[in-house]
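Which chain is which? The protein sequence lines are A and B, in order. Residues in the first sequence are numbered from 22 upward in steps of one, following the numbering used here. Residues in the second sequence are numbered from 2 upward in steps of one, following the numbering used here. Report on the structure given below.
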Amino acid sequence: MPTVSVKRDLLFQALGKKYTDEEFDELCFEFGLELDEITSEKDIISREQGDVRAAGASDVVLYKIDVPANRYDLLCLEGLVRGLQVFKQKIEAPYYRRVGATDGKPQRFIITQETAVLRPHAVAAVLRNITFTQERYDSFIELQEKLHQNICRKRSLVAIGTHDLDTISGPFTYTAKAPDDICFKPLNQKEESTATELMRLYKNDSHLRHYLHIIEDEPHYPIIYDSNGVVLSMPPIINGDHSKISLKTKNVFIECTATDLTKAKIVLDMMVTMFSEYCAKPFTVEEVEVVCPDGSTCLYPDLAYRKELISGDTINQKVGIKESAESLARLLTRMCLKAEVTGKADEIEVEIPPTRSDVIHACDIMEDAAMAYGFNNIARTKPKTYTIANQLPLNKLSELLRLELAAAGFTEALTFALCSQEDIADKLGKKISDSRAVHISNPKTAEFQVARTTLLPGLLKTLAANRKLPLPLKLFEISDVVLKDDTTDVGARNNRRLCAVFYNKIPGFEVIHGLLDRVMQLLDVKPSRDQGYYIQAASDSIFFPGRCAEIISHGKSVGCLGVLHPDVINRFELTMPCSALDLDIEPFL
Amino acid sequence: MADAGLAESVLERLEKLDCGVDSQDVASVLSVDHQAIVGAVKSLQSLGELISAEQRSSKHWELTAEGKEIVEQGSHEARVFNAIPTEGLSQTDLMVESIEDTVQDKLVQVQKGLTGKLDEKEKNELKKRKLLSEVTVKSYWLTKGPSFSTTVTKQETDLTAEMIASGTWRDKKFKPYNFEALGVPPECGHLHPLMKVRTQFRQIFLEMGFTEMPTNNFIESSFWNFDSLFQPQQHPARDQHDTFFLSDPAVAKDFPMDYLERVKKVHSEGGYGSQGYKYDWKLEEAQKNLLRTHTTAVSARMLYKLAQQGKFTPVKYFSIDRVFRNETLDATHLAEFHQIEGVVADYGLTLGDLMGVLHQFFTKLGITKLRFKPAYNPYTEPSMEVFSYHEGLKKWVEVGNSGVFRPEMLLPMGIPEGVSVIAWGLSLERPTMIKYGINNIRELVGHKVNLQMVYDSPICRLDS
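See the structure below:
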């Protein structure tokens with residue numbers, strides 16, 4: 022969930038009301054936000070770098086507010102205030118308009134064929150006669166960053182570039198060139214560099230290095246020029262220094278390049294709807310003509326309003342309330358979804374503004390009605406659904422066996438399903454290539470290389486962590502291991518196993534054997550060669566030679582037991598003899 | 002028990018005295034070793050209030066081995082003197098005709114027990130010469146107890162089968178038990194606290210008529226884990242940083258193709274009244290195998306199965322099982338945890354019904370004060386975070402997540418329009434950590450747990 026940091030006093034000033042922390046927290050809760058933290062720059066620096074560094078830092082109170090991941094319209098102070106003011110019925114939601122250029126000739130943004138394989142889409146818009154203050158400017162920069170981190174998926178889907186339009190002249194060309202053929206002075210640098218040099222330079226940049234991989238290995242890099250060959254930006258990495266915006270900038274050119282056009286349109290709409298508030302004609306945005314490689318043209322920003330029809334009855338039935346269509350329309354209007362009754366039965370016409378890209382279905386409208394009504398004002402009812410409960414037979418068996426194993430003197434362990442290759446192979450004297458283990462492609466550490474194929478390593482590691490406890494240690498676990506299996510759709514299946522260990526000064530084979538006999542007794546399987554179970558000598562690298570037996574039940578091998586091999590004991594950092602039982606319980610269902 | 006005869010002798014000795022006596026004196030009178038008297042005193046003490054014995058310590062002087070030699074043979078000086086033959090007397094010797102061996106005399110006094118005749122300076126002098134040593138003796142000052150008697154009735158430690166058979170228990174006195182001590186812990190096995198809590202949650206769902214889902218499939222395809230839930234392919238949860246993907250077996254196969262086509266369409270183009278996400282949906286993304294990130298993948302499979310059965314019947318499902326996240330680990334987050342999930346599917350279920358079911362469910366956990374916060378989840382709409390009022394912390398804390406499954410998820414499956422599916426989920430670890438007062442999740446789950454904690458953990462009743 023994205024967190025937006027706003028200055029409290031600025032927020033209250035914009036809301037036209039001072040709240041106590043509790044009151045504001047309550048308002049957030051109702052609106053689906055969360056006042057996560059109340060802090061200040063000074064607090065943050067002092068916590069991260071110590072009091073000395075924090076001295077002199079601002080102690081202006083900051084509210085850190087968690088915003089739902091699909092509400093991009095609430096990612097800056099402007100949007101938050103607008104949303105809350107409409108919710109509190111202090112203002113009406115503004116209408117955002119795309120307008121033509123004053124001279125009738127829109128800025129043109131030309132996409133060339135070269136971008137097709139890399140980042141084929143681009144959209145653009147102009148904010149005309151905008152007035153920045155330090156706070157507005159900071160918020161403008163911050164919103165780009167929030168959008169980059171969230172909907173833009175760290176610039177991989179969409180990258181935003183903003184420019185002082187008065188320093189450049191259209192038409193603009195979005196193309197792609199070999200890194201060595203690109204040369205410009207990037208934002209906040211003194212020298213011109215080639216793209217190749219820049220990529221090397223940014224390897225050590227704590228911020229930019231995270232985006233390099235998006236284009237690094239490509240033969241061509243995306244690049245935007247103005248009509249004089251001035252570089253606007255090299256998306257998605259860096260803008261040019263020439264066109265950088267400042268507090269004095271009056272006309273802002275915004276371009277978004279993307280691999281996903283839908284998201285690019287949303288991002289551009291968010292940027293312009295949020296900050297057109299500060300234009301000479303508020304909430305108007307000047308259009309830009311984008312020319313695609315095939316010659317087709319589109320005008321941006323999209324700023325599309327969509328209308329949906331929904332019946333009041335549908336909303337009432339889904340939410341569990343009984344409101345009139347008029348009242349529901351009023352509730353929706355408070356959520357920036359301008360709604361009116363059409364007069365046809367209880368039909369409501371809802372207008373979805375460009376800021377509410379999260380509303381894609383009638384159920385989203387229904388939710389907004391419920392939010393405005395107040396979730397906690399809805400009567401809590403008991404559904405009449407009549408059903409009979411059933412346990413999953415495998416879990417029922419596991420539950421019953423667990424109790425019996427504890428009654429037999431064994432203590433339940435709970436170990437991880439993921440482990441290292443070493444745990445299930447090398448340490449047990451086996452080769453990983455011989456195992457049926459599923460392998461994880463992106464583990465952050467060796468602890469998560471594979472899913473376990475046996476419960477034994479987990480139990481042995483539990484023993485190792487508890488060597489100081491009095492002997493004997495008797496442990497068991499009934500849980501799933503994972504085995505590759507071609508017969509399932511995913512190529513693997515779980516297998517429910519029972520594993521037990523006895524750790525003492527003596528090996529105690531008879532103890533673990535006795536446990537097997539007890540388990541079989543509980544499962545009503547008699548000791549018998551033909552119609553029950555028996556054990557027979559076997560060999561396995563886990564066990565000491567001559568001290569290992571296979572368990573055969575109704576003619577099928579269902580597990581093994583034995584005294585652990587001293588090498589295995591050593592590899593798990595244990596010092597005493599140990600015997601173990603490993604049994605597949607699925608055949609006993 | 003020490004020699005009963007000796008104990009009785011002590012009692013007899015004590016009977017004759019009005020005040021009390023030191024156990025050392027008793028030993029010297031009875032001519033037995035003091036340790037034997039101490040044994041007798043201790044056994045008398047265990048018989049109740051026959052005698053009272055107050056421990057005290059006294060110091061006395063004893064001869065060292067060298068001191069004893071001097072008593073027998075005279076001091077070293079005297080022995081030198083005596084060794085000189087009469088004939089060999091020199092002139093100077095005339096001055097001393099006889100000697101007085103004062104060292105020997107003093108040591109004899111000590112041996113006789115008349116240490117008092119020597120002053121401190123003399124004793125210390127002899128101590129320095131290592132002829133005397135000071136010894137501390139622990140003894141008892143004995144007096145008659147409230148129930149003094151000269152006869153000893155032997156107290157039995159415990160009832161025996163023989164006594165019951167012969168009836169001799171009627172005439173016996175029994176030693177009192179020490180009720181202050183703890184008993185002997187029974188030899189037994191123990192259940193893991195997290196599993197005890199799991200059992201309780203299972204019980205609650207069963208009491209509420211919910212059927213358990215088969216969640217024994219840790220490996221899932223991206224299709225069932227994400228796509229079927231209308232979670233777009235560019236969603237951050239599908240990032241390598243959040244989810245464990247598999248390299249072997251890397252991809253899943255055998256998808257229900259007509260359903261897969263409907264899923265593809267609703268993502269990329271919309272439909273069922275939805276705008277969709279309008280992106281290029283790729284089969285390769287859906288095929289990627291992973292360790293399931295939530296048990297909702299199983300709920301999706303179950304709902305799809307339900308839709309295939311022809312006539313729709315209402316269902317209530319639950320599961321409690323492991324899920325996996327490739328997350329940064331800390332004191333409350335591990336790469337795997339247990340998810341508790343409940344699902345109800347029926348015609349006409351409302352948001353009010355969801356809150357009502359949650360109220361019933363949490364009441365069974367002993368949580369009655371609930372409120373709901375609007376939230377976002379890609380596959381539910383509305384989505385609600387469940388908060389309960391924590392009396393200890395005096396604030397509202399999040400206890401779970403809930404919502405109504407989106408039509409874009411249900412309709413492509415073939416679930417009839419008009420059927421609502423409400424669902425909620427929470428982790429098993431968090432309530433367990435609160436219940437058992439554990440702050441670090443590693444102390445609860447995994448091989449690093451302290452088994453003593455498992456041994457000592459109480460039974461789990463969630464509502465008390």
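All residues carry an ideal CB built from backbone N, CA and C; glycine is no exception.
Q: Report buried or exposed for B/S222, applying the criterion of at least 16 other Cβ atoms within 10 angstroms of its Cβ.
A: buried
Q. If you follow the alpha helix (DSSP H) that A/S332 is part of, which residue opens it and which one closes it?
A. Looking at the DSSP string, A/S332 is not in any alpha helix (DSSP H); the run it does join, the beta strand (DSSP E), is 327–332.
Q.
Taking only three categories from DSSP, how would you classify B/M2?
A. In this prediction, B/M2 scores a pLDDT of 43, lower than 50, which makes its location untrustworthy; no coordinate-derived value is stated.
Q | A/S348, enclosing alpha helix (DSSP H) - first and last residue | A | 346–354
Q. How would you write the range of the alpha helix (DSSP H) that B/V42 sits in, first residue to last?
A. 35–46
Q) Can you name, in chain order, every residue of its own chain whose Cβ lies under 8 Å from the Cβ of B/V153, other than the five neighbours on each side? A) A5, A8, E9, L12, L45, L48, L51
Q. So is the beta-carbon of B/W142 under 7 Å away from any non-hydrogen atom of the ligand MG?
A. As for the ligand MG, it is missing from this structure, which has no ligand bound.
Q | For B/R203, the residue or residues it bridges with in DSSP | A | In DSSP, B/R203 forms no bridge with anything.
Q. Among residues of its own chain, excluding the 5 on either side of B/R80, which ones have a beta-carbon nearer than 7 Å to its beta-carbon?
A. Q74
Q | Residues near A/L484 in its chain [Cβ-Cβ closer than 8 Å; skip 5 each side] | A | L494, L496, V522, Y524, F593, L595, C599
Q) In or out: A/H231 buried (at least 16 other Cβ within 10 Å) or exposed? A) exposed
**Q.** Listed by chain order, chain B residues near A/A438 by CB distance under 7 Å
**A.** F219, R323, E337
**Q.** Range of the contiguous alpha helix (DSSP H) that encloses A/Q134
**A.** Counting along the chain, A/Q134 falls outside any alpha helix (DSSP H), and DSSP gives it neither H nor E.
Q. Near B/Y305, which residues of its chain fall below 8 Å by C-beta distance, leaving aside the five closest residues on each side in sequence?
A. S229, P257, Y260, M414, G415
Q) Alpha carbon to alpha carbon, what distance is there between A/F153 and B/R326? A) 43 Å
Q | Residues near A/Y93 in its chain [Cβ-Cβ closer than 6 Å; skip 5 each side] | A | I172, M291
Q: Compile a chain-ordered list of the residues in the region 264–285 of chain B whose CB is closer than 9 Å to at least one CB of chain A.
A: G271, Y273, G274, S275, Q276, G277, Y278, K279, Y280, D281
Q: Tell me B/V138's beta-bridge partners as DSSP assigns them.
A: B/S59
**Q.** Own chain, CB closer than 6 Å to A/Y40, minus 5 neighbours either side, in chain order
**A.** none
Q. Hey, is B/Q235's beta-carbon within less than 8 Å of any beta-carbon in chain A?
A. yes
Q: Quick one: using the 10 Å Cβ neighbour count with 16 as the cut-off for buried, is A/P303 buried or exposed?
A: exposed
Q.
Between A/L222, A/I527, A/G553, A/S562, which has its C-alpha nearest A/S578's C-alpha?
A. A/G553
Q) Where does A/H534 fall in DSSP's three states? A) helix
**Q.** Residue burial classification, B/A66 (beta-carbon count within 10 angstroms, cutoff 16)
**A.** exposed
Q) If we cut at 8 Å on Cβ distances, does B/P413 have a partner in chain A? A) no
Q: In the DSSP assignment, find the alpha helix (DSSP H) that holds B/Q110 and state where it starts and stops.
A: 103–112
Q. Who pairs with B/S222 in a beta bridge, going by DSSP?
A. B/N290
Q: Using a cut-off of 8 Å between C-beta atoms, extract the partners of A/I461 located in chain B.
A: F245, F246, L247, S248, L292
**Q.** CB contact flag (A/I258, A/L233, <8 Å)
**A.** yes
Q: Have a look at A/K405 and B/K283 and give me their C-alpha separation to the nearest angstrom.
A: 41 Å
Q) Which two residues bound the contiguous beta strand (DSSP E) that contains B/T381? A) 381–391
(Q) In this structure, how does DSSP classify A/L253 when only helix, strand and coil are distinguished? (A) strand
Q) Hey, does A/N209 have any beta-carbon neighbour from chain B nearer than 8 Å? A) no
Q.
Tell me which residues share the same chain as B/H360 and place their Cβ nearer than 7 Å to its Cβ, disregarding the 5 neighbours each side in the sequence.
A. L371
Q) Fully enclosed by the region 129–175 of chain B, which alpha helix (DSSP H) runs are 4 residues long or longer? A) 162–167
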